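Numbering-wise, the sequence shown is residues 13 to 384 according to the numbering used here.
Where is the CB? At the ideal position from N, CA and C, for every residue including glycine.
Note that this is a predicted model, so its numbers are computed, not measured.
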Amino acid sequence: MESIKNKACVKVPKPRPEIEMMTPYSAPLEGRRNLLRLDFNENTIGPSPKVMAALKTIVAEHISIYPEYNGLQKAVAANINSSTIINPLEINQIGLFNGVDAAIHSICHSFGDRGDQLLTTVPTFGYYKPCAKMQGMEVLEIPYETTTFEFPFNTIKKLLIKNKPKILIICNPNNPTGTNLKANKILELATTSPETLVVIDELYEAFLGDSILPIVNFSRMPNLIVLRSLSKTSGLAGLRIGFAIGHKDVINLIKRVSGPYDINSFAVTAAFAALEDQKYIDNYVQKVLQARNWIQKKLLDNNIKHHMNSGNYFLLWPKRKASEVESSLRKEGILIRNMQDKPLIEGSLRVSIGTTKQMQIFWEGLKTTKSI
Ligand SMILES: Cc1ncc(COP(=O)(O)O)c(C=O)c1O
């Protein structure tokens, strides 16, 4: 009795007010092994065999010593510069992060002050808002427009002129609507408000092939940052490695708030191997695009409400409640993501696209569970 009473009186030290107000970011991350994972837009077949081979060469010393990053920025630059690019990247234009999540966090940490504004869209990737909120930033979310979720270009442009927000984040293509904003339009926004840091999250760019990197000149546009990751197409989500690419001085600023060894040695080894095997990634993207055609035809032929645009995912409105479909499919060994509480797309499911075989299993699962 005494100990219960004592427990009730325990008071933890007070954190910053912003942290006290926050609800922890939560995603259904547990219990996903050995299931068909169409819930996090990950690579559904695993990384390149060359990545696995490289990881197997790791010896004890490699684990006992702190990680070394020499040459990794060069490898990232070489990988990106190997595609058509007007202004080839230099190594000091590339910041290495423990996943793009950590890059987003560092950007908000280094640029966002209490009361500053983060301008973004809605619905979009869920980690921008908490990163801004923990800085005490005000978050202004502009909804996608019409039933096809068009980018709210005019509204965003007006707000850039009127508010001059500290940061604008655009997920391009957007997760989960697949909305795509053309490179010249992004440049127009970045020019509209040079004091706003314009962050383009290109996590799913590989499925679209319409990156801004081939045309951007960061020395003329220092307020633009592009985010890329090895989590999705390269299949390294579990190792955590992502990149922020931009003007060297901006990269230098956002790196100041991350720790010296935030990326672990396994991620570094895997990243070198993945970046060298672009062919594997291109093949995987092709497989996903074929699977997308397959599932899209099924949805169209059967008159099922869905929204499919860029990215390795689409939205589906089942005829039963989304939460029920989610749990019925889980019993069939299939994971998808319920978009509950997401403005504009409430009632839908987000389905990641894997291989054609995997989409066939998903399709059968929808029929077995009487979800469509
Ligand atoms: C749009 C977007 N940005 C960033 C991330 C996080 O990427 P990373 O795994 O590199 O931290 C995700 C993950 O789902 C995402 O969908």
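Under the criterion of a Cβ to heavy atom distance below 6 Å, does L248 qualify as lining ligand 1?
Within the sequence shown, the letter at position 236 stands for residue 248. Answer for L248: no, Cβ out of range of ligand 1.
Buried or exposed for K145, going by 16 or more other Cβ atoms inside 10 Å?
In the sequence shown, residue 145 corresponds to position 133, counting from 1. So K145 ends up on the buried side.
Cβ neighbours of L180 in the same chain (closer than 6 Å, five flanking residues each side left out)
Start at 1 with the first residue of the sequence shown, and residue 180 comes out as number 168. In its chain, beyond the 5 residues on either side, L131, T208, V210 have a beta carbon closer than 6 Å to the beta carbon of L180.
On a CA-only basis, which of K26, F219, P177 is nearest L201? Give me that one, please.
Against the sequence shown, residue 201 aligns to sequence position 189. Answer by Cα proximity: P177.
Assuming L269 contacts S122 under a Cβ cut-off of 8 Å, what Cβ separation, rounded to an integer in Å, is found between them?
To locate residue 269, count along the sequence shown from 1; it is residue 257. To locate residue 122, count along the sequence shown from 1; it is residue 110. Sequence inspection shows Val at residue 269; the Leu mentioned does not correspond to that position. V269 to S122, Cβ: 5 Å. Contact.
What separation, rounded to the nearest whole angstrom, lies between the Cα atoms of N350 and E73?
As a first step, residue 350 must be located in the sequence shown, where it is residue number 338. As a first step, residue 73 must be located in the sequence shown, where it is residue number 61. When rounded, the distance between both Cα atoms is 44 Å.
At a cut-off of 6 Å, would you count V238 as near ligand 1, judging by its Cβ distance to the nearest heavy atom?
The residue given as residue 238 occupies position 226 in the sequence shown. No, the beta carbon of V238 sits no closer than 6 Å to any heavy atom of ligand 1.
Whole angstroms is fine: what's the gap from I57's alpha carbon to Q308's?
By one-based count along the sequence shown, residue 57 stands at place 45. By one-based count along the sequence shown, residue 308 stands at place 296. In a straight line, the C-alpha of I57 is about 21 Å away from that of Q308.
Could you give the first and the last residue of the continuous beta strand (DSSP E) run that contains A256?
As a first step, residue 256 must be located in the sequence shown, where it is residue number 244. Note, A256: beta strand (DSSP E), 254-258.
Looking at the unbroken beta strand (DSSP E) that takes in P155, where does it start and where does it end?
The sequence position of residue 155 within the sequence shown is 143, counting from 1. 150-155 is the extent of the beta strand (DSSP E) around P155.
Chain-ordered list of residues that sit, by beta carbon, closer than 5 Å to a heavy atom of ligand 1:
G111, V112, D113, F137, C183, N187, D213, L215, S241, S243, G254
How should D51 be labelled, buried or exposed, when 16 other C-beta atoms within 10 angstroms of its C-beta is the threshold for buried?
By 1-based counting over the sequence shown, the position of residue 51 is 39. Classification for D51: buried.
According to DSSP, is Y81 helix, strand or coil?
Stepping through the sequence shown from its first residue, residue 81 is reached at position 69. In this structure, Y81 counts as coil in the three-state DSSP scheme.
Helix, strand or coil for L101? Go by DSSP, reduced to three states.
Counting from one through the sequence shown, the residue named residue 101 turns up at place 89. In this structure, L101 counts as coil in the three-state DSSP scheme.
Report all residues from its chain with a CB closer than 8 Å to the CB of D261; omit the five preceding and five following residues, and keep chain order.
What you label residue 261 is simply residue 249 of the sequence shown in a count that begins at 1. The answer, listed in chain order, is P234.
If you follow the alpha helix (DSSP H) that L378 is in, where does it begin and where does it stop?
Within the sequence shown, residue 378 is the residue found at index 366, counting from 1. Per DSSP, the continuous alpha helix (DSSP H) segment holding L378 begins and ends at 368-380.
Look up T204 in the DSSP assignment and say whether it is helix, strand or coil.
In the sequence shown, counting from the first residue as 1, residue 204 sits at position 192. T204 falls in the helix class under three-state DSSP.
Does the distance from the CB of L47 to the CB of L347 come in under 7 Å?
One-based indexing of the sequence shown puts residue 47 at position 35. One-based indexing of the sequence shown puts residue 347 at position 335. The answer is yes: Cβ separation under 7 Å.
Opposite D213 in the DSSP bridges: which residues?
Along the sequence shown, one-based indexing puts residue 213 at 201. Per DSSP, C183, L239.
Does the Cβ of M13 have 16 or more other Cβ atoms within 10 Å, making it buried, or fewer, making it exposed?
The residue labelled residue 13 in the question sits at position 1 within the sequence shown. With a pLDDT of 46 at M13, under the threshold of 50, the modelled position of that residue is not reliable, and the figure given next carries that caveat. Answer is exposed; the Cβ neighbour count stays below 16.
Which of the three DSSP states is assigned to I346 in this structure?
Taking the sequence shown and counting its residues from 1, the one referred to as residue 346 is at position 334. In this structure, I346 counts as strand in the three-state DSSP scheme.
Give me, in chain order, the residues of the same chain whose beta-carbon lies closer than 8 Å to that of K402; leave out the 5 immediate sequence neighbours on both sides.
Lying before the first or after the last residue shown, residue 402 is absent from the chain, which here runs from 13 to 384.
Determine the DSSP secondary structure at I293, reduced to helix, strand or coil.
Reading the sequence shown from its first residue, position 281 is the one you call residue 293. Of the three classes helix, strand and coil, the one that applies to I293 here is helix, per DSSP.
For the 8 Å Cβ check, are there 3 or more pairs between the segment 328-339 and the segment 281-296?
no
Alpha carbon to alpha carbon, how far is K23 from A39?
Here residue 23 refers to the residue found at position 11 when the sequence shown is read from its first residue. Here residue 39 refers to the residue found at position 27 when the sequence shown is read from its first residue. In this structure, the straight-line span from the alpha carbon of K23 to that of A39 is close to 28 Å.
Would the segment 141-159 count as touching the segment 24-37 if we require 3 or more Cβ pairs under 8 Å?
yes
Just mark P272 as buried or exposed, buried being the case when its beta carbon has 16 or more other beta carbons within 10 Å.
As a working mapping, residue 272 is identified with position 260 in the sequence shown. Classification for P272: exposed.
Hey, out of N314, T367, N305, T381, whose CA is closest to S340's CA?
To locate residue 340, count along the sequence shown from 1; it is residue 328. Taking only the C-alpha atoms, the option nearest S340 is T381.
If contacts are defined as beta-carbon pairs under 8 Å, then N186 and T136 qualify, I think. What distance do you get, rounded to the angstrom?
For the purposes of this step, residue 186 is taken as the residue at position 174 of the sequence shown. For the purposes of this step, residue 136 is taken as the residue at position 124 of the sequence shown. Indeed, because the Cβ distance is near 6 Å, the residues count as touching under 8 Å.
How long is the line joining the alpha carbons of D222 and L172, rounded to whole angstroms?
To locate residue 222, count along the sequence shown from 1; it is residue 210. To locate residue 172, count along the sequence shown from 1; it is residue 160. Roughly 24 Å separates the two Cα atoms.
Burial state of T191 (16 or more Cβ within 10 Å)
What you label residue 191 is simply residue 179 of the sequence shown in a count that begins at 1. For T191, the number of other beta carbons within 10 angstroms of its own is at least 16, and it is reported as buried.
Cβ separation of P59 and N276, assumed to be a contact under 8 Å, to the nearest whole Å
Residue numbering aside, residue 59 sits at position 47 when the sequence shown is read from its first letter. Residue numbering aside, residue 276 sits at position 264 when the sequence shown is read from its first letter. Your pair P59 and N276 does not check out as a contact, with CB atoms roughly 16 Å apart and the cut at 8 Å.
For a quick check, are the C-beta atoms of N166 and Q129 less than 7 Å apart?
Within the sequence shown, the letter at position 154 stands for residue 166. Within the sequence shown, the letter at position 117 stands for residue 129. Taking 7 Å as the Cβ cut-off, N166 and Q129 do not qualify as a contacting pair.
Suppose you measure from the CA of E338 to the CA of L361; what does that come to, to the nearest Å?
The sequence position of residue 338 within the sequence shown is 326, counting from 1. The sequence position of residue 361 within the sequence shown is 349, counting from 1. CA-CA distance, E338 to L361, rounds to 8 Å.
Applying the 10 Å Cβ sphere with the 16-neighbour rule, what's the burial state of M371?
Looking up residue 371 in the sequence shown gives position 359. Flag for M371 reads buried.
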